[in-house]
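Numbering (our numbering), first residue to last: 42 to 345. For every residue, glycine included, the Cβ atom is placed at its ideal position computed from N, Cα and C. Since the structure comes first, as structure tokens, the remarks are kept for the end.
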């Protein structure tokens, strides 16, 4: 490792020693757990401070997805896994197309389950991924890198910017230290040094998970994927979600279990359609047409 790179890394906030855990190896189990918990409690405030930046990303992403564009998370190690998790959870939660929101890991799919740390050092590989995915001005790419400098992520962001995409960097290092020339936005929750020096699977990972969940949840609400506070575009991929769908119909239409089950069957497993069929006394085709007219928003469709 060159002296320049050594100096760059040692100055990252994520590489500093936490003064509150200098004697970590002398603490008993309860003390360690309480220390980790007290440090984790600081993360929410750090994320809250970034809400203006997060909101700018959400509003841009809403327009992108509404126009048929895509969102890509790009990361390595823990950061990459956070993106893969959020992308994987969107289809069952919001009924989104799996191709609409995707997680890209340095090292490929195998790296999700087994660390391939060296994969993150190849900036050109990140750029190649963007080219192969056909990234263009209709897309958004969110690079996730606690350290702010992961070569695979930076390469992907620079190439995505060159291809016209909206690019975002999510890091837990200070904004002042970031080059922003190739970024639409930077989201920088400053969580401070980890209890275990450099282990960004801790507070940094928690902050990343919070931010990504905020971005996709808020965007999906704005796209009509939610009625009141219920996920009404969920995919019925297992028994739990099927029963949740029935309960949502019961709450949204004030009906009993048997009626909800019947509505779910008649609507061909589509909760939004079932709600309109009951509350507007419509057949399935009428409900579908009304929902299309309301651009997928149930509350709007109820008053058309």
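Pick from the options that is closest to residue i, judged by C-alpha positions
| i | options | result |
| --- | --- | --- |
| residue 149 | 131, 125, 132 and 130 | 125 |
| residue 293 | 68, 266, 317 and 121 | 317 |
| residue 248 | 327, 185 and 76 | 185 |
| residue 354 | 252, 127 and 112 | Coverage of the chain is limited to positions 42 through 345, which leaves residue 354 absent and any answer about it impossible. |
| residue 210 | 139, 68 and 97 | 97 |
| residue 110 | 142, 319 and 287 | 142 |
| residue 131 | 323, 88, 288 and 272 | 272 |
| residue 101 | 208, 65, 157 and 164 | 208 |
| residue 340 | 285, 306, 286 and 262 | 262 |
Buried/exposed call for residue i, threshold 16 Cβ in 10 Å
| i | result |
| --- | --- |
| residue 92 | exposed |
| residue 213 | buried |
| residue 116 | buried |
| residue 159 | exposed |
| residue 112 | buried |
| residue 189 | buried |
| residue 123 | buried |
| residue 63 | exposed |
| residue 53 | buried |
| residue 299 | exposed |
| residue 67 | exposed |
Cβ-Cβ distance between residue i and residue j below 8 Å
| i | j | result |
| --- | --- | --- |
| residue 230 | residue 90 | yes |
| residue 167 | residue 146 | no |
| residue 217 | residue 95 | no |
| residue 312 | residue 264 | no |
| residue 245 | residue 197 | no |
| residue 235 | residue 191 | no |
| residue 61 | residue 76 | yes |
| residue 308 | residue 301 | no |
| residue 260 | residue 99 | yes |
| residue 332 | residue 321 | no |
| residue 128 | residue 114 | yes |
| residue 201 | residue 176 | yes |
Cα-Cα separation, residue i to residue j
| i | j | result |
| --- | --- | --- |
| residue 290 | residue 135 | 16 Å |
| residue 342 | residue 204 | 38 Å |
| residue 194 | residue 83 | 26 Å |
| residue 206 | residue 154 | 29 Å |
| residue 278 | residue 133 | 7 Å |
| residue 199 | residue 169 | 11 Å |
| residue 304 | residue 144 | 35 Å |
| residue 119 | residue 152 | 10 Å |
| residue 326 | residue 310 | 14 Å |
| residue 233 | residue 51 | 14 Å |
| residue 173 | residue 58 | 39 Å |
| residue 269 | residue 280 | 23 Å |
| residue 338 | residue 282 | 21 Å |
| residue 88 | residue 219 | 17 Å |
| residue 138 | residue 266 | 13 Å |
| residue 288 | residue 72 | 42 Å |
| residue 335 | residue 328 | 11 Å |
| residue 319 | residue 295 | 9 Å |
| residue 78 | residue 250 | 16 Å |
| residue 70 | residue 81 | 17 Å |
| residue 297 | residue 140 | 36 Å |
| residue 164 | residue 157 | 15 Å |
| residue 346 | residue 323 | With the chain covering 42 to 345 only, the question about residue 346 has no answer from this structure. |
| residue 56 | residue 258 | 31 Å |
| residue 30 | residue 171 | With the chain running from 42 to 345 in the structure shown, residue 30 is simply not present. |
| residue 306 | residue 286 | 11 Å |
Proximity test, Cβ basis, 8 Å: residue i and chain B
| i | result |
| --- | --- |
| residue 125 | Considering every chain present, this structure includes no chain B. It has just one protein chain. |
Any contact of the stretch 216-225 with the stretch 236-250, i.e. 3+ C-beta pairs under 8 Å? no
Say whether the stretch 178-194 touches the stretch 96-112, bearing in mind that this needs 3 or more beta-carbon pairs closer than 8 Å, one atom from each stretch. yes
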